[in-house]
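Here the structure is laid out as structure tokens; the discussion comes afterwards.
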Amino acid sequence: MKPADPKLVLLAIALAGALGFVLPGHATTLLTEALILALFALSLDLLVGHARLTSFGHAGPWAFGAYIAAAQLLVLHIPLPLAVLVSGLATAVIAIPVGWLCVRTGGVTFAMLSLAFAQLGFAVVFKWNAVTGGSDGLAGLPRLGLPAGREVFLLFVCGVLAAAYLLAHGFVTSPLGRIVAAVRENEQRAEALGHDPRRIRLVVFVLSYFLAGVAGALYAGFAQFVSPELFFWTVSGHVLVMVVLGGAGTLVGPMLGALALFYAEHELSALTESWGLALGLLFMVVVIAAPAGLMGWLRAAMGARGR
Amino acid sequence: MNITRRPALAALLAAPALSGVSRAQGQPLKLGVPTAMTGTWAALGAQVVRSCRLWAKTVNAEGGLLGRPVEFLFEDTQGVPANCLRKAQEMVERDRVNILLGLMASSEALAVMPKLADWNALFISSVNGAGSITAEAWVPNAFRANTSGPMGARALALWLRNSPQTNFFSLSLDYAWGRSSVETFEGLLTGIGKRSIGSVFAPVGTRDYSSFITRIRQANPQALYIALTGDDGTAFLRQAAQYRLFERMPVVTETVDMLFTRPAGDAAIGLVGGSRYSFAYDHPANNAFVARFRAEYNELPDTYDGEQWQALEVLRAAVLKAGATDTQSVVAALRDLELNSIKGPLKIRGCDGQAEQQGFVVRVARREGFPVPAPEVIATFSAAEVTPACRASNFA
Amino acid sequence: MDPLALFTLQVLNALSLSALLFFIALGLTLIFGIMRVVNFAHGAVFMLGAYCGVAVQTATGSFAASLLAAPLAGAALGLAFERSALSRLYAREHSAFLLVTFGLALALTEAIRLIWGADARQTELPALLAGIVFVMDEPFPVYRLLLIGAGGLCWLLCWLGLQRTRLGLLLRAASQNPTMTAALGNDVGRVRAMVFALACALAALGGALAAPLLSASLGLGSNVIIDAFVIVMIGGMGSFIGTVAGSLLVGFAQTFGNFYVPELALGMTYALMITVLVLRPGGLFGRPE
């Protein structure tokens, strides 16, 4: 699927940032969290949608980025904008050996390997009490290096999201990105043309983990708290659902999917204790009725109006 | 009924109410309870919620608090700190809640506490046992009405002074509460002239305790200390009973909850432990509460039912003393507040917000008139004996 | 304790755990292998089996009845789900299964809470099964011996079924080459429905068997699902012998690991899976994709 027009996407993100000055406080806070999750979903789309590598362990880089950011904020007093970048880079570094082991495989094996690494991360962080705060996590992280105010923080998140989207979009449309697509479509042919599929996939893996680490670091700055639950497979499942729901491979779809799932869950859980039942049924209906996810719906709607 | 669920999307963009100005009388007093209503902790959350509902019904029938009806906002966090933060934030900022109660996991409480100052809100813990809440992690707007983990272990240790067993082995789960509970207990053992011969921690999520039972058997202690609750407690008791472990050694625990002893059936008979709350305390206030609870729910109140009720009674006393419901007034009223609760005389310490209260030790036994084995009180200790020093979570 | 007695006891412990894990993993590998479906809801079906088992035993007083009712409930649910939802998705990308089974897991978990409430549910074992035997002077529960026996019996029946029956032949063929099997005129749709129902029945039976040890509680589903996936991956998706091997490997690793190095136990299963998958991406007995 061709990605949507980047100018529109950037405009939408800028509008979201501007909303912070208009919405009531709590709504701004919710929107900030939703956009951080959108970035998280965007990072996974590079793996799932673009390279067709389904990962069940994307909570791994997210949580790793969050904890690295926590360490920088709490111990080294590094301002958040820099901490976010450093966390992303640290996550990218660790993605190299992890990715190298994972991309040798594909399909379900890849999915389970990535899960195993994320669960390992959970185990390490959970038990390493002295350093990570163990099962209670680390609270009271200071939001250093940014002017106070949630509107400013929302703008910061929007800025990072916009940059990440440009990076992802640029990658996907670049020659390297096209080779990734080629490897995805026909690995043997790509190999015959002289490309090393494993190395290509590793590049996507590292980029995807970089962005996920950035998202996790943003979350640490947002919640001012990290705990081992950030590594858990339920988080990986959630973000994967966001990507599939939104429409894998479109970059924009997963971001929309993240917003949709976040708000749906939030509102449903306030309406009824049985939100799990409602949400589960909703998933089943959506996946059957909308094969290409939300983006598919949107495109059908726009196409029907003769864009 | 006076329990609200937030109205849906329409409210998302509702204009914020005027801040700080107190409304006219009759305006409901909203209390925020972001707790685990679904997920692994759902059973504990259900106790918290039903206790709140009964309390609201009772208080409102008596004219409310300062003439205002009380209203609870319940939200489901599943025991996950990220969800708790989100829900609590929304309650505080959108629904103008300034009093939070019933947070389930200690990690949730620890995530929320640093935010209380910014939110100008206060939190009264009712089920969180972690020592750090009134020690390293303490913040001025946080209070704890319940018995903490160390207090439960302390009451148990005091009772064990007179028991014939001298060496103990400990089993718990490998996370914050489990580790600190065993650490506290082992420290207390030394203080009463007994010793620990070892401990083992099962990884979180363990369902099959067979290797741990074998390990305990091998260590062959005179008594076993366990710090397990919920499904873990039930699973261990049932499995250990199947191995006839309790024929070899008595087992003691930090907190006895009917939540895990009831499903264990006969396997729980003989279990002795600290008790954060039990229907079996024979006080007029407690007996009245138990009667009211049974009339409403046709069940005996368990640990978290009672602890939540106590926290709410603490809140009521503070609000009445302050004559106001804004955070600073209530916080000031809570400091050094004294009242009589369902657990007897209570004093909320000014320096760390911990409620100084009696400690109880119970034993699970087959009792006349009870269909399943139930706890009975076998020892009571004064507040001075069981409450740790200010901002400390262990006993010197 | 006598070292030999200790070792024997631990072996028996490991075998009983492996047997329990086998029931869950077997269903999962069937679904993986035949249908290439990642079934996120498998843990929830296991949980349903536990609740159904306890409910039936409470109502009828018969443990045997619970062992019949639970798999029937599982099969019914599996069949209904496969026909109404899953069957519409075979032509689609695998990510669709992910979403739909995730949805089932969520919905089923909440449905269980609505029906049976938040408190754990349990019953007592019949006197015959509640006793102990002495293994080198150490007590060992009879019920765990039953579990080992049940696991072994299941293994035997499945192996015979796969090798000696026409359905078994179909299953083996379909797991190796579904397109060809369909082309040869077999109704793959019917086979899929039966397989999914059978897999759910096995999971539910596992739950009913586990209930006397663990009691039926809301956390049951999410706890076992990961172990089940790990076993299937280690053994090899779609490989029957692989599932047996995987269950034994994980059962023994957890039992002996918990005894000797409980500190490392949390990460051990995952480290094991990583090692196996890196060395043999298809699992011990499977084929890489």
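Protein chains in written order, with my numbering: chain R, 235 to 541; chain Y, 3 to 398; chain U, 487 to 775.
C-beta: ideal position from N, C-alpha, C; glycine also.
These numbers come from a predicted model, not from an experiment.
Give the DSSP-derived three-state secondary structure of residue i in the structure shown.
{"i": "residue 274 of chain Y", "result": "strand"}
{"i": "residue 610 of chain U", "result": "coil"}
{"i": "residue 286 of chain R", "result": "coil"}
{"i": "residue 78 of chain Y", "result": "strand"}
{"i": "residue 551 of chain U", "result": "helix"}
{"i": "residue 312 of chain R", "result": "coil"}
{"i": "residue 142 of chain Y", "result": "coil"}
{"i": "residue 73 of chain Y", "result": "strand"}
{"i": "residue 484 of chain R", "result": "coil"}
{"i": "residue 255 of chain Y", "result": "strand"}
{"i": "residue 382 of chain R", "result": "coil"}
{"i": "residue 184 of chain Y", "result": "helix"}
{"i": "residue 702 of chain U", "result": "strand"}
{"i": "residue 261 of chain R", "result": "helix"}
{"i": "residue 204 of chain Y", "result": "strand"}
{"i": "residue 496 of chain U", "result": "helix"}
What are the partner residues of residue i, as DSSP defines its beta bridges?
{"i": "residue 349 of chain Y", "result": "Y:340, Y:358"}
{"i": "residue 364 of chain Y", "result": "Y:275, Y:379"}
{"i": "residue 372 of chain R", "result": "R:460"}
{"i": "residue 170 of chain Y", "result": "Y:198, Y:225"}
{"i": "residue 628 of chain U", "result": "Answer is none; residue 628 of chain U lacks a bridge partner."}
{"i": "residue 507 of chain R", "result": "Answer by DSSP bridge pairing: none, since residue 507 of chain R is not bridged."}
{"i": "residue 125 of chain Y", "result": "Y:102, Y:144"}
{"i": "residue 33 of chain Y", "result": "Y:74"}
{"i": "residue 621 of chain U", "result": "U:624"}
{"i": "residue 175 of chain Y", "result": "Y:204"}
Candidates the options: which alpha carbon is nearest residue i's?
{"i": "residue 457 of chain R", "options": "R:519, R:491, R:388, R:420", "result": "R:388"}
{"i": "residue 97 of chain Y", "options": "R:258, R:290, R:283, R:274", "result": "R:258"}
{"i": "residue 756 of chain U", "options": "R:414, R:315, R:356, R:322", "result": "R:356"}
{"i": "residue 74 of chain Y", "options": "Y:45, Y:37, Y:42", "result": "Y:37"}
{"i": "residue 483 of chain U", "options": "U:731, U:717, U:681, U:699", "result": "Outside the modelled stretch of chain U, which goes from 487 to 775, sits residue 483 of chain U, for which no answer is possible."}
{"i": "residue 180 of chain Y", "options": "Y:376, Y:59, Y:228", "result": "Y:228"}
{"i": "residue 151 of chain Y", "options": "Y:349, Y:258, Y:317", "result": "Y:258"}
{"i": "residue 92 of chain Y", "options": "R:261, R:513, R:508, R:251", "result": "R:261"}
{"i": "residue 712 of chain U", "options": "U:525, U:517, U:634, U:768", "result": "U:525"}
{"i": "residue 776 of chain U", "options": "U:770, U:583, U:558", "result": "No statement about residue 776 of chain U is possible, as the shown extent of chain U runs from 487 to 775 and does not include it."}
{"i": "residue 306 of chain R", "options": "R:294, R:319, R:295", "result": "R:319"}
{"i": "residue 315 of chain R", "options": "R:500, R:252, R:352, R:390", "result": "R:390"}
{"i": "residue 754 of chain U", "options": "R:353, R:285, R:270, R:286", "result": "R:353"}
{"i": "residue 310 of chain Y", "options": "Y:285, Y:343, Y:325", "result": "Y:343"}
{"i": "residue 580 of chain U", "options": "R:283, R:330, R:309", "result": "R:283"}
{"i": "residue 619 of chain U", "options": "Y:204, Y:370, Y:267, Y:246", "result": "Y:246"}
{"i": "residue 286 of chain R", "options": "R:491, R:380, R:313, R:339", "result": "R:339"}
{"i": "residue 723 of chain U", "options": "U:637, U:704, U:767, U:746", "result": "U:767"}
Which residues in the same chain as residue i place their Cβ atom closer than 6 Å to its Cβ, once the five residues preceding and following it in sequence are excluded?
{"i": "residue 372 of chain R", "result": "304, 460"}
{"i": "residue 230 of chain Y", "result": "238"}
{"i": "residue 630 of chain U", "result": "502"}
{"i": "residue 312 of chain R", "result": "306"}
{"i": "residue 411 of chain R", "result": "405"}
Is it true that the CB of residue j sits closer than 9 Å to the CB of residue i?
{"i": "residue 303 of chain Y", "j": "residue 274 of chain Y", "result": "no"}
{"i": "residue 123 of chain Y", "j": "residue 99 of chain Y", "result": "yes"}
{"i": "residue 165 of chain Y", "j": "residue 225 of chain Y", "result": "yes"}
{"i": "residue 453 of chain R", "j": "residue 264 of chain R", "result": "no"}
{"i": "residue 238 of chain R", "j": "residue 478 of chain R", "result": "no"}
{"i": "residue 515 of chain R", "j": "residue 499 of chain R", "result": "no"}
Excluding the 5 residues flanking residue i on each side, which residues of the same chain have their C-beta closer than 7 Å to its C-beta?
{"i": "residue 277 of chain R", "result": "442, 445, 446, 449"}
{"i": "residue 223 of chain Y", "result": "169, 170, 171, 199, 251"}
{"i": "residue 20 of chain Y", "result": "Note that residue 20 of chain Y scores 38 on pLDDT, short of 50, meaning its location in the model is unreliable; the coordinates nonetheless yield the value given after this. Cβ neighbours of residue 20 of chain Y beyond the five flanking positions: none."}
{"i": "residue 494 of chain U", "result": "621, 622"}
{"i": "residue 716 of chain U", "result": "736, 755, 759"}
{"i": "residue 462 of chain R", "result": "356, 359, 360, 369, 371"}
{"i": "residue 191 of chain Y", "result": "159, 170, 197, 198"}
Can you list, in chain order, the residues of its chain whose CB lies under 8 Å from that of residue i, leaving out five sequence neighbours each side?
{"i": "residue 300 of chain R", "result": "321, 450, 451, 453, 454, 460, 464"}
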